[in-house]
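**Student:** Quick one: this structure, given as structure tokens, is what I'll be asking you about.
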Amino acid sequence: MQPGALSKALKGGAIWGFIVLELIFFSIAGQFLSLSDTAFMDFDNMLLLLKQSAPIGIIAMGMTIVMVNGNIDLSVGATFAIAAIVLLDSMTWPIFAGLGDWVIPVAWLLALLAGTAFGALNGLIVWKTGVDAFIVTLGSMLGYRGIVFLFNGENPTSHLNWTLVDFAEAEFLGLATASWFLLAVTLGIWLLMTRTVHGRNAYAIGDNREAAVNAGIRVGPHMMINFAIIGFLAALSAVVFYSESGSVNPNDGQLYELWVITAVVLGGTKITGGAGSVIGTFGGVIAIQLLRKGLGHIGADTSTVNLVIGLILIAVLFLDRQLNLKGKEALRI
Amino acid sequence: MSHVKPVLHLEDIVKTFPGVRALDGVSFSVMPGEVHALMGENGAGKSTLMKVLGGIHQPDGGAIFMGEERVVMSGPLEAKAKGIVFIHQELSLAEELSVAENIYLGELPRKSFGRVDWVTLREKTDAILKKLNVAFNARTRVGDLSIANQQMVEIARALTVDAKAVIFDEPTASLTDAEKVVLFDVIADLQREGVGITYISHRMEEIFKITDRITVLRDGQYQGTLETAETNEEAVTQLMIGRKLDLSRNPSHHELGEIALEVRGLSCGSLYEDVSFHVRSGEVVGFYGLVGAGRTEIAETLFGLRTPSHGTILLEGEDVRLNSPADAIAKGISLVPEDRKGQGLVLGMNCRDNMTLPQVDDLKAGPFVAEGAEISIFDQYRDRLDIRTPGWKQKVGNLSGGNQQKIVIGKWLSMKPSVLIVDEPTRGIDVGSKSEIHKLLRSLAAQGYAVIVISSEMPEVLHVSDRIVAMYSGRVMRTFTSEEVTEDSLIQAISGLGGDKAA
Amino acid sequence: MVTVSRREIGSMLAKQGILIAFALFMIGFTLANAKFLSVDNVFSVVRSSAILGVMALGVTFVVISGNLDLSVGSMMSFSTIVVLDLHDKIGPALAIPAMFAMTLCLGAFIGFLVGYLRLNSLIVTLGMLSAIHGLTLTYSGGQNMDIADKEGTWFSVFGQGAILGVPTPILMFLSLAALLGLVLAKTPFGRKVYAVGGNGTAATFSGIKRARTVFTCYLISAGCVAVAGLIQASRSLGSQNTVGQGLELEVLAAVILGGASLMGGVGTIFKTVIGVLILGFIQNGLLLLGLPFYFQFVVTWIIIILAVWLDIAAKRGKLWSPIA
Amino acid sequence: QSMQIGITQNNVGVDSYQTTYEQAFIAAAEANDDVETVVLDAGGDVARQIAQMEDLIQQEVDAIIIWPTNGEAVIPAVRKASQAGIPVIVTNSNIAEQGFDFVASFSGPDNITQGARSAEIMCDRFKAQGIDGEAQIVQISGQPGYTTAIERAQGFEERLPEVCPDVTLMETQPGDWNREKSQQVMEAFLVKYDDIDGVYAGDDNMGVGALNAAKAAGRAGDITFVGATNFAVGYEAMAAGEYWGSIYQSPVDDAEAALQTAIDVLNGEDVPFLNYFDTPKITQDNMDEFTKPVF
Ligand SMILES: Nc1ncnc2c1ncn2[C@@H]1O[C@H](COP(=O)(O)OP(=O)(O)OP(=O)(O)O)[C@@H](O)[C@H]1O
Ligand SMILES: Nc1ncnc2c1ncn2[C@@H]1O[C@H](COP(=O)(O)OP(=O)(O)OP(=O)(O)O)[C@@H](O)[C@H]1O
Ligand SMILES: O[C@@H]1[C@@H](O)[C@H](O)OC[C@H]1O
Ligand SMILES: [Mg+2]
Ligand SMILES: [Mg+2]
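This is how it looks when you write it as structure tokens:
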């Protein structure tokens, strides 16, 4: 073990420590406050947790690579809604009428393509105009939402396909379809970020953009690919979720960007880029979902939930800072 | 020389920035196996010329030739593909990545599916690191290295490809003597392989040690090219600044006053231990040591940026606690920090505002900042330090490295401190300004200031100091007076040999 | 010499780009609907922009200091609810200072976390967005808050009054803008805000108390929120718990439109005001054209990107980014 | 053995109707010794609501009450509950027909009828004023995408031409259930249209916002304001003679009816599938028959 590896592990592990705390707290508090007879830490409940983490979790993996790359994407919630509309609407298009249930993969594909394209569009704008990603995607968060409304006015877009619902609700080896997607995406992005040239370059660009440019790394295409990836994942998240639910409101996915970013930051990714990991993000996603679930479990009312979730976010950040303090003799800047 | 073709030839290059004509018809060529020095004052256009060559800036006029062929460097990628390697003046590293990834930044070896070939990467890196004789390995995180070692990582990049031409832009600015030796070996190797080398530095002794020819720029204009063997420092200096330089060593000796600052048994964790010394008003005390010796950390402690774990700091005999730079400033201490861009300047702010930043609370007309007073302070130090800038409104980020450094120095001089600490004050500063700064430091002492100079350049410490504190690995090894010090004894002390105390 | 002067024209354009965009915009809408520039409409737009605008003034300080404030929307709901509640309990003369004190406490808490503890402002203010919403709901029990005697209170002057025909919200917005504009541009404190946002480390090395500066920016932001809450409460003399919901992003959009950089160190109050007005007139103009509300989203998207793009393009002298 | 009843509400923080509903629901459950409840809030997010359905199923509650965030998206989750043998009661706004098979009962107002009644109130008023041949109105609708908002607008738009064929609805813009937003929308309407005779707002919060705008412009006297869900502000404005009419709908009734329906279902009683509670018209003329709403 290299020196400092332990302390590094501890620091990176702050989020896992927090998860353990949550589990202990909700288990004990649940004994007194919950009317449910099943324990909070029940195995099935934890499997459910994994499934429920999927919508935010899948997008969060994409946000990790985008943020490590030194960018941010605030438009994922709207992209999520667009992909959902494409998925549900395209299944009813007359040209696909002859396809029967084969319309499903076609609709999936179209939705994923749409998400990827909208993601790539963000990336292209960031690349070509040089406008900061926060601003570009703050804009497209609005713009893409406008497109969602253009599609079907204020009405929901719906199409319940029971074959699709059954597929989405199915379980394989005890894990729900959505859980499999979450795990696969986590693994995939982990490999991408730790094993591939693209992933390592993403780190380099986020860490020191000028250095990357000087080294001849083509910053623009890398950024665009990462935006396309997060667009794809926002669409994948939508596709997995709406396959099961079959109807999308034009406001769906609102605030997702904020939850996703929160999960990613709680998981230790630096907001300025250059550092972060998919495993940490996974922890961040689980921690948030656990918090929501746990507060419901102990019967907290809405105002308490809002208050507690907000303060806990800050507390975790504080904890993380304390763990990373360098000692008294550190430079005070 | 007529039958050997240059590897590189730049002809009549023009480059303008808003308000500045950085290059005005400059021509420059490098022969294979040649080390060609590029010299000039701060802001003369050296870095800009090389950035044009490296594809980072597009020239407004002129042509670049490689061998016979006229080329256009559309970007760094293209320059690299053509065999041009650029070692930047400002560190250009990704701190979170490993040494290996940094050295091969932009050209990581690949396997199928775009995967990184870690084995090859590590092997190649280890081979290079071995050549450089450094203490870290391929997996070390670059952010964990000292500035000097980070510079070595930069330098390692020159060895990754079959370079045709390598540009070193002030590679030694933060290196110590031991590392310089390694660097010069590397350069000699490249030279033997027929690589054409451009070497930018303000340090005359290096230039005369390793280069074959010297090209001089002044204010963006080509001044001439000299054969190193046939010229001398004086001639080069004359060409650079258009006048002669007074290089007399440690000129004025004057009466010393009371002890202005005294440090007793000061320790700060493992950064440095049991450090004691004092500075009288009117005195210049030099701190000399190897990288990591802990000098910067001492300065930071004296400036209220670190909390000492033991020991006392006395100002004019009085025990003080310094909790913040604001505290230190109020008590008459100023620090010109080591890292000019990171610690010294707000790059997006104009020259004037940077210079008056520490005293902005005191320059008031009613509730507002007295801008007239600010401008006159700026004008005064611009003249005194000969800062080259189109005007006070210029963003500091657009000045050349050396002129930026002068802004930082001006900022602290204008505070009229009683104890002035300067950490590597002339890093990246041209000879002309350097001697100005040395003179300034001496004259400040003569006016009664107590001055601490931290420097990794032996000539500099020898030149300006009344006494020299030699440090090794966080400890004071020995204190010399300017009469007793010799180069040998100093080197011994900072290497942990032959000091008063054991390391 | 010619190139230099042409560049200067370019940079003039860049500096005033947002103003030019604004002018083009106003002309376009006026051509489309003559009522757009009527005194009534202009007053009505500026008056309803005043609330957003006042908040944007404070956020400008926060953004220039290199931080974000996403909590202003829910904090504004809080101030509005609190002042309305206290109005009937202790009377307007005491309710107003009490509400200011409470809102400033929230600002101080955020300022402490971001300034002194150096926690990331995006996450801290995101957390506070949620927490303050919870606080407001607890305070009000989730109920609307209405003043009992709406006709008989002088409290309505902040939102509904007028001096010499100019509505008070407009006067309050513009005079606060003038005041804060001076603070930012001309005082030592303003200089420190720019320095801390431009390079916090260098500011510290220059003896500037970075934590205190950031803390003060959040106090200013909270103070502005309190003023906005006051106008809001006075305007309708009653309110839901969600009045400010979502405003944080509109405020941020206005500040960005005004050219403040999220990296810190760049921006001015004057341009923020322009940014606020642009957003206000877009919303209003599209409504007058009778377009569905979501066109406003798409148009805002395009305007934000174009404005910021042209701004930086002019600064770098090239339309397209040099990123390879 | 007490009954365990879980509820997942739409978005409690959004307005006082929903908060009052939550409080009334908890109070009603506490008053009943046979009932224990788990009260959850989806915060307007379908995904969160579906997760809450799953949690309630997993906790094996005896019955689930759902106030849908989206009347179609929750159908599969409702099916899951019914497959697990847990009866589902839909409250406040119904789910789509495809899901009816999985639902034990719906309890709540009939939003389409509410919209229609608002149209009638408006029309009667115009007839009384004798301007039903030429009146021009604007509509401010609720949060886009929200079932209640869509249904009320639909009911209004369908009924209006039946009763008052010559009244024109000039424009509709959403006010997001928000008084301030609605006020801004109305300000623009006032600039744009010189002649506005009536405003229909999807609820009274928005109606009062529109009223405030009109008052500021000095045009309130010419306009008939009709809303829905009579909030306390609406009731007061009505008492002041500024606001014409609305639909009386009590969140307390809504909550109690939902809980009672669930209890009845669990007790095996026969409950109608569409268990609407009545939401009568309220105008300045008959308002003394109603108590002032508590929310
Ligand atoms: N990006 C830029 N924008 C505007 N002006 C610039 C820019 N880069 C360089 N300059 C200006 O061009 C001139 C030449 O700068 P350059 O960095 O080439 O100097 P140098 O010779 O390398 O100096 P030093 O020895 O101090 O590093 C300076 O006046 C500098 O202010
Ligand atoms: N070879 C090394 N590997 C890793 N860390 C190092 C190495 N050398 C130094 N450091 C650390 O880097 C930090 C900063 O080093 P730096 O060179 O600034 O020290 P310094 O003696 O104050 O500098 P100088 O004396 O050159 O001004 C020190 O805390 C030291 O512990
Ligand atoms: O007024 C509305 C109420 O009637 C509906 O049922 O829920 C949303 C409310 O805003
Ligand atoms: Mg240079
Ligand atoms: Mg040092």
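From first to last, the protein sequence lines are chains A, B, C and D. Start counting the first sequence at 7; every next residue gets the next number (our numbering). Start counting the second sequence at 5; every next residue gets the next number (our numbering). Start counting the third sequence at 28; every next residue gets the next number (our numbering). Start counting the fourth sequence at 71; every next residue gets the next number (our numbering). All residues carry an ideal CB built from backbone N, CA and C; glycine is no exception. Computed from a predicted model, the values in this text were never measured in an experiment.
With 16 as the cutoff for other CB atoms within 10 Å, does residue 108 of chain B come out buried or exposed?
**Tutor:** Start at 1 with the first residue of the second sequence, and residue 108 of chain B comes out as number 104. Classification of residue 108 of chain B: buried, given that the 10 Å Cβ count is 16 or more.
**Student:** Run the proximity test for residue 330 of chain B: is its beta-carbon closer than 6 Å to any non-hydrogen atom belonging to ligand 1?
**Tutor:** Indexing the second sequence from 1 puts residue 330 of chain B at position 326. No, the Cβ of residue 330 of chain B stays beyond 6 Å of every heavy atom of ligand 1.
**Student:** Determine which residues share a DSSP beta bridge with residue 194 of chain C and list them.
**Tutor:** The sequence position of residue 194 of chain C within the third sequence is 167, counting from 1. Answer is C:189.
**Student:** Three or more C-beta pairs closer than 8 Å, one from the stretch 88 to 105 of chain C and one from the stretch 211 to 225 of chain C: is that the case here?
**Tutor:** Yes: at least three Cβ pairs fall under 8 Å.
**Student:** Under the DSSP definition of a beta bridge, which residues are partnered with residue 287 of chain B?
**Tutor:** For the purposes of this step, residue 287 of chain B is identified with residue 283 of the second sequence, where counting begins at 1. Answer by DSSP bridge pairing: none, since residue 287 of chain B is not bridged.
**Student:** List the endpoints of the continuous alpha helix (DSSP H) containing residue 267 of chain C.
**Tutor:** On the third sequence, residue 267 of chain C is found 240 positions in, with the first residue counted as 1. First-last for residue 267 of chain C: undefined, no H or E at that position.
**Student:** Can you pull the chain F residues whose beta carbon is under 7 Å from the beta carbon of residue 204 of chain B, in chain order?
**Tutor:** Checking the listed chains, one finds no chain F in this structure; the protein chains it contains are A, B, C and D.
**Student:** To the nearest angstrom, how far is it from the Cα of residue 77 of chain D to the Cα of residue 89 of chain D?
**Tutor:** Translated into the one-based positions of the fourth sequence, residue 77 of chain D becomes position 7. Translated into the one-based positions of the fourth sequence, residue 89 of chain D becomes position 19. Those two C-alpha atoms are separated by around 14 Å.
**Student:** Helix, strand or coil: which one does DSSP assign to residue 445 of chain B?
**Tutor:** For the purposes of this step, residue 445 of chain B is taken as residue 441 along the second sequence, with counting starting at 1. Three-state result, residue 445 of chain B: helix.
**Student:** Between residue 158 of chain C and residue 268 of chain D, what straight-line distance do the alpha-carbon atoms span, to the nearest angstrom?
**Tutor:** Counted from its first residue, the third sequence places residue 158 of chain C at position 131. Counted from its first residue, the fourth sequence places residue 268 of chain D at position 198. Approximately 40 Å, taken between the alpha carbons.
**Student:** For residue 32 of chain B, is the beta carbon positioned less than 6 Å from some heavy atom of ligand 1?
**Tutor:** By one-based count along the second sequence, residue 32 of chain B stands at place 28. For ligand 1, not one heavy atom lies less than 6 Å from the Cβ of residue 32 of chain B.
**Student:** Using beta carbons (cut-off 7 Å, strictly below), is residue 169 of chain C in contact with chain D?
**Tutor:** Along the third sequence, one-based indexing puts residue 169 of chain C at 142. True, the Cβ-Cβ gap to chain D drops below 7 Å.
**Student:** Closer than 9 Å, Cβ to any Cβ of chain A: which residues of the stretch 136 to 149 of chain D, in chain order?
**Tutor:** From the stretch 136 to 149 of chain D, only 139, 140, 141, 142, 143, 144, 145, 146, 147 and 149 have a Cβ closer than 9 Å to chain A.
**Student:** Of the residues D:299, D:141, D:175 and D:149, which one's Cα is nearest the Cα of residue 80 of chain D?
**Tutor:** By one-based count along the fourth sequence, residue 80 of chain D stands at place 10. Among D:299, D:141, D:175 and D:149, the Cα nearest to that of residue 80 of chain D is on D:141.
**Student:** Leaving out the 5 sequence neighbours to the left and right, which residues in its chain are closer than 6 Å to residue 107 of chain C when beta-carbon positions are compared?
**Tutor:** As a first step, residue 107 of chain C is located in the third sequence; it is residue number 80 there, counting from the start. Within the same chain, residue 107 of chain C has close Cβ partners 256, 259, 260, 266 and 270.
**Student:** Let me know the secondary structure DSSP gives residue 307 of chain B once reduced to three states.
**Tutor:** Translated into the one-based positions of the second sequence, residue 307 of chain B becomes position 303. Reduced to three states, the DSSP call for residue 307 of chain B is coil.
**Student:** From the DSSP secondary-structure annotation, give me the bridge partner or partners of residue 73 of chain D.
**Tutor:** The sequence position of residue 73 of chain D within the fourth sequence is 3, counting from 1. D:105, per the DSSP bridge assignment.
**Student:** Can you tell me where the beta strand (DSSP E) with residue 199 of chain D in it begins and where it stops?
**Tutor:** Reading the fourth sequence from its first residue, position 129 is the one you call residue 199 of chain D. Premise fails: residue 199 of chain D lies in the alpha helix (DSSP H), 181 to 199, not in any beta strand (DSSP E).
**Student:** Quick check on residue 76 of chain D - is its C-beta less than 7 Å from some C-beta in chain A?
**Tutor:** One-based indexing of the fourth sequence puts residue 76 of chain D at position 6. False, the Cβ-Cβ gap to chain A never drops below 7 Å.
**Student:** What first and last residue would you give for the alpha helix (DSSP H) that runs through residue 335 of chain B?
**Tutor:** The count along the second sequence starts at 1 and reaches residue 335 of chain B at position 331. No alpha helix (DSSP H) holds residue 335 of chain B; DSSP gives it neither H nor E.
**Student:** By Cβ distance, which residues of its chain are closer than 7 Å to residue 140 of chain B, with the 5 residues on each side in sequence left out?
**Tutor:** As a first step, residue 140 of chain B is located in the second sequence; it is residue number 136 there, counting from the start. Once the five neighbours on either side are set aside, the close Cβ partners of residue 140 of chain B are 103, 149 and 153.
**Student:** Taking C-alpha atoms, which residue in D:176, D:181, D:204 and D:143 lies nearest to residue 349 of chain D?
**Tutor:** Numbered from 1 along the fourth sequence, position 279 holds the residue referred to as residue 349 of chain D. When each option's Cα is compared against that of residue 349 of chain D, the closest is D:181.
**Student:** Strictly under 7 Å for the Cβ-Cβ distance: is residue 245 of chain A near chain C by that measure?
**Tutor:** Position 239 of the first sequence holds residue 245 of chain A. It does not; no Cβ of chain C falls within 7 Å.
**Student:** In chain order, what residues of the same chain lie with their CB nearer than 6 Å to the CB of residue 144 of chain A, ignoring the 5 residues before and after it?
**Tutor:** By 1-based counting over the first sequence, the position of residue 144 of chain A is 138. Contacts found: 80.
**Student:** Could you list which residues in chain C have their beta carbon closer than 8 Å to that of residue 219 of chain A, in chain order?
**Tutor:** Here residue 219 of chain A is taken as the residue at index 213 of the first sequence, counted from 1. In chain order: 350 and 351.
**Student:** Between residue 117 of chain D and residue 145 of chain D, which are expected to be in contact by the criterion C-beta below 8 Å, what is the C-beta distance as a whole number of angstroms?
**Tutor:** As a first step, residue 117 of chain D must be located in the fourth sequence, where it is residue number 47. As a first step, residue 145 of chain D must be located in the fourth sequence, where it is residue number 75. Actually they do not touch by this definition, with Cβ atoms about 15 Å apart.
**Student:** Please report the distance separating the alpha-carbon of residue 154 of chain A from that of residue 309 of chain C.
**Tutor:** Locating residue 154 of chain A in the first sequence gives position 148, where the first residue counts as 1. Locating residue 309 of chain C in the third sequence gives position 282, where the first residue counts as 1. If you take the alpha carbons of residue 154 of chain A and residue 309 of chain C, they lie about 20 Å apart.
**Student:** Taking the alpha-carbon positions, what's the residue 28 of chain C to residue 26 of chain B distance?
**Tutor:** Locating residue 28 of chain C in the third sequence gives position 1, counting from the first residue. Locating residue 26 of chain B in the second sequence gives position 22, counting from the first residue. Residue confidence is low: residue 28 of chain C scores 36 on pLDDT, short of 50, so the model does not pin down where it sits. No coordinate-derived value is stated.
**Student:** For the stretch 157 to 169 of chain A against the stretch 91 to 99 of chain A, do three or more pairs of beta-carbon atoms, one drawn from each stretch, fall closer than 8 Å, so that the two count as touching?
**Tutor:** Yes, since at least three Cβ pairs between the stretch 157 to 169 of chain A and the stretch 91 to 99 of chain A fall closer than 8 Å, the two stretches touch.
**Student:** Is residue 46 of chain B close to ligand 1? I mean its beta-carbon at under 6 Å from any heavy atom of the ligand.
**Tutor:** If you number the second sequence from 1, residue 46 of chain B lands on position 42. Correct: residue 46 of chain B has its Cβ closer than 6 Å to ligand 1.
**Student:** So is the beta-carbon of residue 26 of chain B under 6 Å away from any non-hydrogen atom of ligand 1?
**Tutor:** As a working note, residue 26 of chain B is residue 22 in the second sequence. Yes - ligand 1 has a heavy atom lying nearer than 6 Å to the Cβ of residue 26 of chain B.
**Student:** Could you give the C-beta distance for residue 279 of chain B and residue 264 of chain B, rounded to a whole number, given that I count them as a contact under 8 Å?
**Tutor:** Start at 1 with the first residue of the second sequence, and residue 279 of chain B comes out as number 275. Start at 1 with the first residue of the second sequence, and residue 264 of chain B comes out as number 260. Contact flag wrong, Cβ pair sits at about 17 Å.
**Student:** Does the beta carbon of residue 403 of chain B fall short of 6 Å from some heavy atom of ligand 1?
**Tutor:** Here residue 403 of chain B is taken as the residue at index 399 of the second sequence, counted from 1. The answer is yes for residue 403 of chain B.
**Student:** Is residue 168 of chain B near ligand 1, in the sense that its beta carbon is under 6 Å from a heavy atom of that ligand?
**Tutor:** Start at 1 with the first residue of the second sequence, and residue 168 of chain B comes out as number 164. No, Cβ of residue 168 of chain B sits at least 6 Å from all heavy atoms of ligand 1.
**Student:** Can you check DSSP and say which residues form a bridge with residue 33 of chain D?
**Tutor:** Any property of residue 33 of chain D remains undetermined from this structure, which presents chain D solely from 71 to 365.
**Student:** Using only CA atoms, which one of C:98, C:113, C:117 and C:59 lies nearest to residue 150 of chain C?
**Tutor:** Locating residue 150 of chain C in the third sequence gives position 123, counting from the first residue. Looking at the Cα atoms, C:98 is the closest of the given residues.
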